[in-house]
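In the numbering used here, the protein residues as written are 47 to 344. A short worksheet on the structure shown next.
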């Protein structure tokens, strides 16, 4: 809203958080702003998609369901060569593990409801802008009356005090469980950028200093009822979409309906896990109960 006007065009990654797609296809469209979705793995090839009216590129890396890692510096260089600004949702890694402004991003967006809050009790968002974009951003913020209440600000400040140690635990526990899941016979593959088999691992290793506790799992083909039995058998993993708190979460998902530039064909049913702060051994035991229920339902 701060960067675009009627008649402008924006490039948006195809793995974007669904409410962002809803905003583009609804609100921005009604305001005369057009959107083209692009393959998140396009890298510098994004230069071929720019139109004379392209004014912005919106990234999310990794995608919060399918976990493609984008080449942010290459995309930013192409955008700036065209005179477009670069916006990025950086909620997954947080500024502790990826610093967008140093990689060419102009506006870095963060859901503070997640790791900044850390306790699943806060509605908060942040935008960090570089020096050139700040005046334009702050005018829109003031015009729209956006502000944070004192209680929410207090909870955000509380969360920041422990964010470093919490994220280190989410990272270590998440990677440990992801490696364990890779070895399970029921699993086709694990979508976690810090795993060596992940297609974007090299870019993650180059640009990131860590990972969060959020990743997805692709099961080998099995009935949907077996996936639901797996989820229902878990006691430590709650069902929830807004991750980033201390508790572990799981959701089944399917990206097909929210892809237009790429095809989502993972090879089997998928679930997304958020690994919280519980003991790793307890979480693995819980997942083992899930796999036992899956086998019985299959």
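For glycine and all other residues, C-beta sits at the position ideal for the given N, C-alpha and C. Quick caveat, the model's predicted, so the values are computed rather than measured.
Based on the DSSP secondary-structure assignment, which residues constitute the bridge partners of residue 171?
Stepping through the chain shown from its first residue, residue 171 is reached at position 125. The partner list for residue 171 (beta bridge, DSSP) reads 157.
Note down, one range per segment and in chain order, each beta strand (DSSP E) of at least 3 residues found wholly within the stretch 262-325.
Complete beta strand (DSSP E) runs here, min 3: 295-299 and 316-320.
Just the Cα atoms here: how many angstroms apart are residue 334 and residue 341?
What you label residue 334 is simply residue 288 of the chain shown in a count that begins at 1. What you label residue 341 is simply residue 295 of the chain shown in a count that begins at 1. If I take the Cα positions, the gap works out to 11 angstroms.
Distance between beta carbons of residue 125 and residue 132, contact taken as under 8 angstroms:
Locating residue 132 in the chain shown gives position 86, where the first residue counts as 1. Locating residue 125 in the chain shown gives position 79, where the first residue counts as 1. Yes, they are in contact, since the Cβ atoms of residue 132 and residue 125 sit about 5 angstroms apart, within 8 angstroms.
Please tell me whether residue 168 and residue 159 are closer than 8 angstroms, where the distance is taken between their beta carbons.
Locating residue 168 in the chain shown gives position 122, where the first residue counts as 1. Locating residue 159 in the chain shown gives position 113, where the first residue counts as 1. Yes. Within cutoff.
Helix, strand or coil for residue 217? Go by DSSP, reduced to three states.
In the chain shown, counting from the first residue as 1, residue 217 sits at position 171. Three-state DSSP puts residue 217 in a helix.
In chain order, what residues of the same chain have a beta carbon less than 6 angstroms from the beta carbon of residue 351, not counting five sequence neighbours either side?
There is no way to answer for residue 351, as the model of the chain reaches only from 47 to 344.
Need the endpoints of the beta strand (DSSP E) that residue 234 sits in, please.
Counting from 1 along the chain shown, the entry for residue 234 is found at position 188. Start and end: 233-237.
With distances taken Cα to Cα, identify the nearest neighbour of residue 295 among 253, 281 and 154.
Translated into positions along the chain shown, residue 295 becomes position 249. The residue from 253, 281 and 154 with its alpha-carbon nearest to that of residue 295 is 281.
Is there contact here, the stretch 245-254 with the stretch 90-99, by at least three beta-carbon pairs under 8 angstroms?
no
Helix, strand or coil at residue 152 according to DSSP, with G and I counted as helix
Indexing the chain shown from 1 puts residue 152 at position 106. If DSSP states are grouped into helix, strand and coil, residue 152 belongs with coil.
Could you spell out where the alpha helix (DSSP H) holding residue 107 opens and where it closes?
Stepping through the chain shown from its first residue, residue 107 is reached at position 61. Here residue 107 belongs to no alpha helix (DSSP H), and DSSP marks it neither H nor E.
Continuous beta strand (DSSP E) stretch holding residue 118: start and end
For the purposes of this step, residue 118 is taken as the residue at position 72 of the chain shown. Note, residue 118: premise wrong, no beta strand (DSSP E); alpha helix (DSSP H) at 118-128.
From the DSSP output, in three-state form, read off residue 165 for me.
Along the chain shown, one-based indexing puts residue 165 at 119. The answer is coil: DSSP assigns residue 165 none of H, G, I, E or B.
In three-state terms, what does DSSP make of residue 56?
For the purposes of this step, residue 56 is identified with residue 10 of the chain shown, where counting begins at 1. In this structure, residue 56 counts as strand in the three-state DSSP scheme.
Classification of residue 157 by the beta-carbon crowding that lies within 10 angstroms, buried from 16 upward:
Numbered from 1 along the chain shown, position 111 holds the residue referred to as residue 157. Answer is buried; the Cβ neighbour count reaches 16.
Suppose you measure from the CA of residue 194 to the CA of residue 184; what does that come to, to the nearest Å?
Taking the first residue of the chain shown as 1, we reach residue 194 at position 148. Taking the first residue of the chain shown as 1, we reach residue 184 at position 138. So the alpha carbons of these two residues sit roughly 14 angstroms apart.
If we count the other Cβ atoms within 10 Å of its Cβ and call it buried at 16 or more, is residue 186 buried or exposed?
The residue you call residue 186 lines up with position 140 of the chain shown. With fewer than 16 other Cβ atoms within 10 Å, it is exposed.
So the beta strand (DSSP E) residue 179 belongs to, where does it begin and stop?
By one-based count along the chain shown, residue 179 stands at place 133. Careful: residue 179 lies outside any beta strand (DSSP E) and carries neither H nor E.
Would you mind sorting residue 148 into buried or exposed? The rule is 16 or more other CB atoms within 10 Å of its CB.
On the chain shown, residue 148 is found 102 positions in, with the first residue counted as 1. That one is exposed.
Could you give the C-beta distance for residue 308 and residue 60, rounded to a whole number, given that I count them as a contact under 8 angstroms?
Here residue 308 refers to the residue found at position 262 when the chain shown is read from its first residue. Here residue 60 refers to the residue found at position 14 when the chain shown is read from its first residue. That belief holds up - the Cβ atoms of residue 308 and residue 60 are roughly 5 angstroms apart, short of 8 angstroms.
Have a look at residue 285 and residue 154 and give me their C-alpha separation to the nearest angstrom.
Here residue 285 refers to the residue found at position 239 of the chain shown. Here residue 154 refers to the residue found at position 108 of the chain shown. Each residue's Cα considered, the two are about 28 angstroms apart.
DSSP has residue 80 in a bridge; who is on the other side?
As a position in the chain shown, residue 80 is number 34, starting the count at 1. In the DSSP output, where bridge partners are listed per residue, residue 80 has 55.
Using beta-carbon positions only, say whether residue 231 and residue 273 come within less than 8 angstroms of one another.
Counting from 1 along the chain shown, the entry for residue 231 is found at position 185. Counting from 1 along the chain shown, the entry for residue 273 is found at position 227. With contacts defined by Cβ atoms closer than 8 angstroms, residue 231 and residue 273 do not form a contacting pair.
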